[in-house]
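Participant: full-length UniProt numbering puts the first residue of the sequence shown at 1, with every later residue one more than the last. Take this structure, written in structure tokens, and hold onto it; I'll ask about it next.
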Amino acid sequence: MNLINFYYFVEVAKDLNITKTAARLYISQQALSMHIQRLEKYYGTKLFIRRPTMALTTTGKYVLDFATEILDKEKTLKNMISDAEEQDVGTLRIGASSPRSNTYLPYILKQFSSRYPKVKIELFDQLSANLEQLLSEGKIDLAIAVKGKSSEMYRTDTDLLFFDPLYLCVSDQMLREYYGQVAESIKQRALNGADLKDFSMLPFFMLDVDSKLGQLIQNCFSEAKVVPQEYIKTRYTTMALPMCQNNLCACFITQMNLFAWRKNIGDNINVFTVRSHENTAGLTICILSYKGRFRTKFQSYFIDLVNSYFRKLLAADMTHIC
Numbered sequence: 001m002n003l004i005n006f007y008y009f010v011e012v013a014k015d016l017n018i019t020k021t022a023a024r025l026y027i028s029q030q031a032l033s034m035h036i037q038r039l040e041k042y043y044g045t046k047l048f049i050r051r052p053t054m055a056l057t058t059t060g061k062y063v064l065d066f067a068t069e070i071l072d073k074e075k076t077l078k079n080m081i082s083d084a085e086e087q088d089v090g091t092l093r094i095g096a097s098s099p100r101s102n103t104y105l106p107y108i109l110k111q112f113s114s115r116y117p118k119v120k121i122e123l124f125d126q127l128s129a130n131l132e133q134l135l136s137e138g139k140i141d142l143a144i145a146v147k148g149k150s151s152e153m154y155r156t157d158t159d160l161l162f163f164d165p166l167y168l169c170v171s172d173q174m175l176r177e178y179y180g181q182v183a184e185s186i187k188q189r190a191l192n193g194a195d196l197k198d199f200s201m202l203p204f205f206m207l208d209v210d211s212k213l214g215q216l217i218q219n220c221f222s223e224a225k226v227v228p229q230e231y232i233k234t235r236y237t238t239m240a241l242p243m244c245q246n247n248l249c250a251c252f253i254t255q256m257n258l259f260a261w262r263k264n265i266g267d268n269i270n271v272f273t274v275r276s277h278e279n280t281a282g283l284t285i286c287i288l289s290y291k292g293r294f295r296t297k298f299q300s301y302f303i304d305l306v307n308s309y310f311r312k313l314l315a316a317d318m319t320h321i322c
């Protein structure tokens, strides 16, 4: 019995399908089955029920927990040795949602890879709600996510990065089409934060509420006692600005995305922060790591780069009036 047996066992447990796992790992089904058989012989127990469908036995679940922990500790040991000998090699596993990571990772990774060219990058695209569990399972090293309430449950360390304000974007043409001469006074009032009641006649680009951003937008409408006129509802935030620029609908974009897309925002787009409970609406962005887990030099350097990028965001005011 050795670590490679544990590795293949854990991979089979993910799929519960020998054929699928063998194809994914480019190994023959016979060789994969032999690794499982070695573990079963060593521990003197069956790890899987194979009929009617493949499933872990009770003892298989115990071995899976143990194997996952052992493999995670072995990976940590490799990182510690690499750090001690200054080999600067390893893998950085980052968790983030793709709309968020698209805005900052290309800039940060360029600097990161120039300093650590031998470090492999793995990106796990997940909603914020799933990232803390991935951390606790040892599947990722760091996560950049919206602050949640489950840090104690998953034993994660939370470092605040910044408050990401929510902005309302609407073309000047659309605002004047719907509000005529009143449009100018609406814009002036919105300079101190948009009250969604003032914009209730507009069609809106809405996000599904399975994301934190979608929930925030819906909460802002509920607080304003406004039922939004939905032009389109989707989970894809990248469509928002083009639709706004084409006078199809108003949309909501956070400062993080606006900062990344700032060169694409035309002069014809009004941009206002959104008011919520007399404050600016927004999301708190954090960088998460697992409590007590060894942090490599390259992980610390990545965190420094992220903090540097977000300091630039803090200084930016994206408000714009046509």
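Idealized CB from N, CA, C, for every residue including glycine. What you are looking at is a predicted structure, and each value in this text was computed from that prediction instead of being measured.
Going by DSSP in three states, Gln229 sits in which element: helix, strand or coil?
Facilitator: strand
Participant: Quick one: which unbroken alpha helix (DSSP H) runs of 4-plus residues sit fully inside the segment 179 to 211? Chain order, please.
Facilitator: 183 to 190
Participant: My guess is that Val12 and Thr21 are in contact by the Cβ rule of under 8 Å, so how many angstroms apart are they, rounded?
Facilitator: 5 Å
Participant: Is it buried or exposed for Lys212, if we count other Cβ within 10 angstroms and need 16 for buried?
Facilitator: Counting Cβ neighbours within 10 Å, Lys212 comes out buried, since at least 16 surround it.
Participant: According to DSSP, which residues form a beta bridge with Cys251?
Facilitator: Cys169
Participant: With H, G and I counted as helix, E and B as strand and the rest as coil, what does DSSP make of Cys286?
Facilitator: Cys286 falls in the strand class under three-state DSSP.
Participant: Please confirm whether Phe259 and Phe162 have their CB atoms less than 8 Å apart.
Facilitator: no
Participant: Quick one: what's got a C-beta closer than 6 Å to Lys201's C-beta in the same chain, skipping five residues either side?
Facilitator: The amino acid occupying residue 201 in the given sequence is Met; Lys does not appear at that position. The residues are Tyr178.
Participant: Compute the Euclidean distance between the alpha carbons of Met153 and Gln133, then round it to the nearest angstrom.
Facilitator: Low local confidence applies: a pLDDT of 48 at Met153 is under 50, so the model's placement there is unreliable, and no value is given.
Participant: Can you grab the Cα-Cα spacing for the pair Asn2 / Pro242, in whole Å?
Facilitator: 54 Å
Participant: Whole-angstrom Cβ separation of Val170 and Cys286, contact assumed at under 8 Å?
Facilitator: Incorrect: roughly 30 Å between the Cβ atoms, too far for contact.
Participant: From Leu168 to Leu47, what distance separates their C-alpha atoms?
Facilitator: 54 Å
Participant: Return the chain-ordered ranges of every alpha helix (DSSP H) run that is complete within the UniProt domain "HTH lysR-type" (1 to 57) and spans a minimum of 4 residues.
Facilitator: 3 to 15, 18 to 25 and 29 to 43
Participant: Grouping DSSP H, G and I as helix and E and B as strand, with all else coil, what is residue 371?
Facilitator: Since the displayed the chain opens at 1 and closes at 322, residue 371 lies outside it and no answer follows.
Participant: What do you reckon, are the CB atoms on Gly90 and Val119 nearer than 8 Å?
Facilitator: yes
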